[in-house]
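Chains A and B, in that order, are what the protein sequence lines are. First residue of the first sequence? That's 1 in UniProt numbering, and the numbers climb one at a time after it. First residue of the second sequence? That's 1 in UniProt numbering, and the numbers climb one at a time after it. Using N, Cα and C, we set each Cβ at its ideal position, and we do this for glycine too. Input: a single structure, listed below in structure tokens.
Protein chains: 2
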Amino acid sequence: MTQSRAEFEARLRQIGADRYHDKHPFHDLLHSGGCTPDQVRAWVINRYYYQHAIPMKDAAFMSRVEDPALRRAWRSRIEDHDGHGENEGGIERWLRLADAVGLDRHYVASRQGVLPATKFACDAYVRFVRDKTLLEAVASSLTELFAPKIHANRIEGLLANYDFADDRSLSYFKRRLSEAPKDVAFGLGWVLDHADTQEKQDAAAAALEFKTDVLWAQLDALHSAYIAPARIPPGGWQPGTHMIAVAA
Amino acid sequence: MTQSRAEFEARLRQIGADRYHDKHPFHDLLHSGGCTPDQVRAWVINRYYYQHAIPMKDAAFMSRVEDPALRRAWRSRIEDHDGHGENEGGIERWLRLADAVGLDRHYVASRQGVLPATKFACDAYVRFVRDKTLLEAVASSLTELFAPKIHANRIEGLLANYDFADDRSLSYFKRRLSEAPKDVAFGLGWVLDHADTQEKQDAAAAALEFKTDVLWAQLDALHSAYIAPARIPPGGWQPGTHMIAVAA
């Protein structure tokens, strides 16, 4: 039976409560100061692959949208990541974090050493948005509903626990605190407007679950590779390599 | 510089020596009897997803081949998995293994409970074969060069260490001992014939590395989810569920 707008929104929010990656043990470790510097670096390297995929995902979405107003509303996401005017963009801010943890930013940007499972998950997300209905594509972006809380926790936890953390190195997360709510308000409204049958509501909910899988699988891969007992797969970044000297 | 046929074959074989999943610790556990029954079941459930993807991968390849002779040579792979005449096929033989370890075969065939990372890896393989050059697609199948040894070890190790193991439950692996060498002799010859420049040799080697990543990532996901300290992701199969009574 088709759910009311309020019921359906509650169903989407429950998916976050059940499956969002703020519940993954890697994030507890990271935010509580339990990660070694190399474990933080491994996270920075692998999460970069996700950052690099997001504008491609958004462009794949826009390539399928025939309504100029929807394309315009979506375009700011690409600008947020790739930069626009005075805004250097989220990818550049992520590389600043790479600098701060002592990694060679050219190595990070090359995406060498990224775990294959990270690539498989992120690439699956880009293709999902390219291949599925527009409704499913927008619904898969709604993990941003749950992001501000994890970003706020992360900023607080990293500042309290790691020397590299300061306003400059964490600028990516600070910026997302204002960007994500704007994007997700639009996306949520669009999904609630367009999921007007049970079939569409089920498809939108499944798309949001898929996206939580994409995020969770990345942390599973990171935990498996770099948290003891660590099992780095062939080709994965080896701790201690591709470093730069960090200014004291 | 373009390598000689013999040098290039040695390079491909070295990729197996360096990166094939016979070196993953999960296989040591499995073959030595170190897996609990539930860990064996988790492997059976997740590996089924790979089995189910293989004929789709082969069909995607054939859909792009214009040479009837190459299509004919390839078609037997689909028959080997889906069945043909008297041959029930590899997928049915895999479900017999599911029966033997006490799993509900309908659950296994439904692919519910498969780890998202397993799906991401296997789906990446299907799309690789659909999107890349024919040479890269054939080269990615050459992990079969390294399969007979792991299958022989597996049959010996499972028979020695687990009550469920017998000729009937292990018929999938016994059959592959004769099927895989036939397929790979053809595939290897085709790759050696067609990789006639350095660029093509590099692409073929990278494709084989990609495929070793696909296999390795599946075992990493399995190890992460089901070997202590186990972290089963949301939606993954929960030990003890979807069982049948096994005849003594």
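Chain B contact for residue i (CB, 8 Å cutoff)
i: A/ASP18; result: yes
i: A/PRO25; result: yes
i: A/ALA124; result: yes
i: A/ARG127; result: yes
i: A/TRP237; result: no
Assigned exposure category for residue i - 16 Cβ within 10 Å defines buried
i: A/ALA228; result: exposed
i: residue 260 of chain A; result: For chain A, the structure presents residues 1 to 248; residue 260 of chain A sits outside this window and is missing.
i: A/THR212; result: buried
i: A/ASP183; result: buried
i: A/THR241; result: exposed
i: B/GLU7; result: exposed
i: A/ASP167; result: exposed
i: B/ALA207; result: buried
i: B/HIS81; result: buried
i: A/HIS106; result: exposed
i: B/GLY189; result: exposed
i: A/SER140; result: buried
i: A/GLY16; result: buried
i: A/SER4; result: exposed
i: B/ALA10; result: exposed
i: A/GLY33; result: exposed
i: A/ARG72; result: exposed
i: B/THR143; result: buried
i: B/LYS149; result: exposed
i: B/ALA248; result: With a pLDDT of 48 at B/ALA248, under the threshold of 50, the modelled position of this residue cannot be trusted; read the value that follows with caution. B/ALA248 is exposed by the Cβ-count criterion.
i: A/ALA185; result: exposed
i: A/GLY85; result: exposed
i: A/GLN201; result: buried
i: B/ASP220; result: buried
i: A/ALA98; result: buried
i: B/THR36; result: exposed
i: A/ALA180; result: buried
i: residue 252 of chain A; result: In the structure as shown, chain A starts at 1 and stops at 248, and residue 252 of chain A therefore has no counterpart that could be examined.
i: A/GLN39; result: buried
i: A/ASP58; result: buried
i: residue 249 of chain A; result: Lying outside 1 to 248, the shown extent of chain A, residue 249 of chain A is not represented and no answer is given.
Cutoff 8 Å: residue i Cβ touching any chain A Cβ
i: B/HIS223; result: yes
i: B/ALA204; result: no
i: B/ALA147; result: no
i: B/ALA248; result: In this prediction, B/ALA248 has a pLDDT of 48, which is less than 50 and means its spatial position is unreliable; nothing more can be read from the coordinates.
i: B/ARG13; result: no
i: B/ARG231; result: yes
Residues that residue i contacts on chain B, provided the C-beta gap is smaller than 8 Å
i: A/THR212; result: PRO234
Amino acids of chain A, ordered along the chain, whose beta-carbon sits closer than 8 Å to that of residue i
i: B/ALA117; result: ALA117, PHE120, ALA121, ALA217, ASP220, ALA221
i: B/ARG47; result: Per Cβ cutoff of 8 Å: no residues; B/ARG47 is ~16 Å from chain A at best.
Contact belief for residue i with residue j at Cβ below 8 Å, rounded distance in angstroms
i: A/ARG127; j: B/ARG127; result: 7 Å
i: A/ALA245; j: A/PRO233; result: A/ALA245 to A/PRO233, Cβ: 29 Å. No contact.
i: B/TYR20; j: B/TRP94; result: Not really, about 20 Å apart at Cβ, beyond 8 Å.
i: A/PHE231; j: A/LEU145; result: Residue 231 of chain A is actually Arg in this sequence, not Phe. Going by Cβ atoms, the distance from A/ARG231 to A/LEU145 rounds to 33 Å, so no, they are not a contact pair.
i: A/ASN153; j: A/HIS24; result: Not quite, the Cβ-Cβ distance comes to about 13 Å (not below 8 Å), so this is no contact.
i: A/GLY113; j: A/TRP237; result: 3 Å
i: B/VAL65; j: B/CYS122; result: With 8 Å as the limit, B/VAL65 and B/CYS122 do not qualify as a contact, their Cβ atoms being about 21 Å apart.
i: A/VAL129; j: A/VAL191; result: About 14 Å; that fails the 8 Å criterion.
i: B/PHE120; j: A/ALA217; result: 6 Å
Partners in chain E for residue i, counting only beta-carbon separations shorter than 7 Å
i: B/ARG96; result: Within the model displayed, chain E is absent; protein chains A and B are what it includes.
Listed by chain order, chain B residues near residue i by CB distance under 9 Å
i: A/ARG41; result: By Cβ distance, chain B contributes nothing, its closest Cβ being about 19 Å from A/ARG41, past 9 Å.
Give the residues from the region 162-196 of chain A that approach chain B closer than 9 Å (Cβ to any Cβ), ordered along the chain. The residues in question: there are none.
Report the residues of the region 72-96 of chain A with a CB closer than 9 Å to any CB of chain B, ordered along the chain. So the list is empty, because no residue satisfies the distance condition.
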